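Participant:
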Amino acid sequence: MGLGDEESTEFRRRRWARDRELRAPRSPQHLSTADFLTLGNAVCGFLAIYSTTTGILMPHLTGESNAPVKHSAATVVTLLLIGAMCDLFDGLVARKLRSSALGAELDNLADLISFGIAPAYFVAVWGLVSSGSNQQLSAFIALTVLLAVVLRLARFSAVKMRPGIFQGMPCPMGAMTVIAIVLLDPPFLPGLLLIFGVAYLMVSRIEYPKPQGLLATATVAWIVVSIGCLAAWAAGLPGGDTLMHIGALAQIALAAMAPLLVIRRKVGEKVGVVRARRAENRG
Numbered sequence: 001m002g003l004g005d006e007e008s009t010e011f012r013r014r015r016w017a018r019d020r021e022l023r024a025p026r027s028p029q030h031l032s033t034a035d036f037l038t039l040g041n042a043v044c045g046f047l048a049i050y051s052t053t054t055g056i057l058m059p060h061l062t063g064e065s066n067a068p069v070k071h072s073a074a075t076v077v078t079l080l081l082i083g084a085m086c087d088l089f090d091g092l093v094a095r096k097l098r099s100s101a102l103g104a105e106l107d108n109l110a111d112l113i114s115f116g117i118a119p120a121y122f123v124a125v126w127g128l129v130s131s132g133s134n135q136q137l138s139a140f141i142a143l144t145v146l147l148a149v150v151l152r153l154a155r156f157s158a159v160k161m162r163p164g165i166f167q168g169m170p171c172p173m174g175a176m177t178v179i180a181i182v183l184l185d186p187p188f189l190p191g192l193l194l195i196f197g198v199a200y201l202m203v204s205r206i207e208y209p210k211p212q213g214l215l216a217t218a219t220v221a222w223i224v225v226s227i228g229c230l231a232a233w234a235a236g237l238p239g240g241d242t243l244m245h246i247g248a249l250a251q252i253a254l255a256a257m258a259p260l261l262v263i264r265r266k267v268g269e270k271v272g273v274v275r276a277r278r279a280e281n282r283g
C-alpha cells in the first residue's frame, strides 16, 4: 500500500469517527439544534393559548365589541402552523445532526402544549363566545381532544410501528383540523360532532404516511400558503374570507382523505372476495 493510500484510509477513518461523534446523542445536560426547534414549537403553543385568551376570551368577557377577534384567531392559527413546521423540521435536523437524550421527551411535551392543550382550549373558548352554544358540552369535547392527543403521544412512544407510517392521525394534523372546523363556525352541535370525529381519528389505528421527501416539501408549502391566506383574511383584504374558508375546507378534506382511502380499500377487498366466490360457484 502506498503512502497516498494510507493517507486516504486515515482520512476516511477520521471522517467516519467525526461523523459518528456528531451523530451520537448528547448528554441530558446539553441541547441539540433539533431541541431548540422543539422548544420553539412549545413557545408557539403557549403564545397561541395567550392570544386566544387576550384576543378572544377577554374581549368577550369585558364586552369590547371593537376587539380584533379575527386578527387574534388568525394569529392563533399562524402560531400553530409555525409550531407544526418546527415539529416537522426538528425530526429532520435530529436525523442529520447530533441529537440529545432529551429529544423524544421534549418533542412529546411540546406537542402536548401546541397540538393538545392549545386546540382544546380554542374549542372551549369557542363554546364560551359562540352564540347558541353549551359551555359544558364544548368543555367536554375540548377534553376529548386533549385526552386523544395524550393517548396518541403515549402510544407513539410505547408502540413500535413499521417505518414510514403513523398509526392514527398525527397530532399536528388533528390540531389544525380542529382549528379549521372552529374557524368555519358551523352550527354548534354538528361542529362538536366533527371535532369529536377528529379526536377519534387521532386514537384510531388508521395508517397515515409520515411527511418525508416530497410529502415533507408539500407539507411546508401547504403551511406557507395557509399562513398567507390567514394573513389576507386577518387584514380584511378582498377575498380574504373566501381564502380562509377554502383553506379550512381543504384542511378538513386532507384529514378525511386517509380514512376514506382505508374505507375504499376495504370495500374493494370485499368486492374482490365476492367476485372470487361467484367465479368459484360458476366453475
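All the letters of the sequence shown, read from the start, carry residue numbers 1 to 283 under the UniProt record's numbering.
Note that the Cβ used here is the ideal one computed from N, Cα and C, for glycine as well.
Since the model is a prediction, treat every value here as computed from it, not as a measurement.
How do the stretch 112 to 126 and the stretch 140 to 159 stand: do at least 3 beta-carbon pairs fall below 8 Å, yes or no?
Facilitator: Touching, per the Cβ criterion.
Participant: With ILE179 as the anchor, note down where its beta strand (DSSP E) starts and where it stops.
Facilitator: Position 179 of the sequence shown, counted from the start, is the residue given in the question as residue 179. Segment 171 to 184 is the alpha helix (DSSP H) holding ILE179; no beta strand (DSSP E) there.
Participant: With H, G and I counted as helix, E and B as strand and the rest as coil, what does DSSP make of SER138?
Facilitator: On the sequence shown, position 138 is the one that residue 138 refers to. In the structure shown, SER138 sits in a helix (DSSP, three-state: H, G or I).
Participant: With respect to the alpha helix (DSSP H) encompassing GLU280, which residues constitute its N-terminal and C-terminal limits?
Facilitator: As a first step, residue 280 must be located in the sequence shown, where it is residue number 280. GLU280 -> alpha helix (DSSP H) spans 240 to 282.
Participant: Anyone know if the C-beta pair for ASP185 and LEU106 falls short of 8 Å?
Facilitator: For this step, residue 185 is matched to residue 185 along the sequence shown. For this step, residue 106 is matched to residue 106 along the sequence shown. It is not a contact, given that the beta carbons lie outside the stated cut-off.
Participant: How about PRO259 and LEU194: do their beta carbons lie closer than 8 Å?
Facilitator: As a first step, residue 259 is located in the sequence shown; it is residue number 259 there, counting from the start. As a first step, residue 194 is located in the sequence shown; it is residue number 194 there, counting from the start. No, the pair does not count as a contact, with Cβ atoms beyond the cut-off.
Participant: Below 8 Å, how does it come out for the stretch 208 to 220 and the stretch 87 to 95: are there three or more Cβ pairs, yes or no?
Facilitator: Yes, the stretch 208 to 220 is in contact with the stretch 87 to 95.
Participant: By Cβ distance below 6 Å, which residues in the same chain neighbour GLY240 in space, the five residues on each side in sequence not counted?
Facilitator: For this step, residue 240 is matched to residue 240 along the sequence shown. Same-chain partners within the cutoff: ALA232 and TRP233.
Participant: Just curious, the alpha helix (DSSP H) that PRO190 is in, first and last residue?
Facilitator: Counting from one through the sequence shown, the residue named residue 190 turns up at place 190. It spans 188 to 203 - the alpha helix (DSSP H) in which PRO190 sits, taken as one unbroken run.
Participant: In whole angstroms, what is the alpha-carbon distance linking LEU31 and ILE113?
Facilitator: As a working mapping, residue 31 is identified with position 31 in the sequence shown. As a working mapping, residue 113 is identified with position 113 in the sequence shown. About 19 Å.
Participant: DSSP state of ILE165, grouped into three classes?
Facilitator: As a first step, residue 165 is located in the sequence shown; it is residue number 165 there, counting from the start. Note: ILE165 maps to strand in three-state DSSP.
Participant: Do VAL76 and GLY116 have their C-beta atoms closer together than 8 Å?
Facilitator: Against the sequence shown, residue 76 aligns to sequence position 76. Against the sequence shown, residue 116 aligns to sequence position 116. No.
Participant: Once DSSP output is grouped into helix, strand and coil, what is the label at GLU207?
Facilitator: Your numbering for residue 207 matches position 207 in the sequence shown. Three-state result, GLU207: strand.
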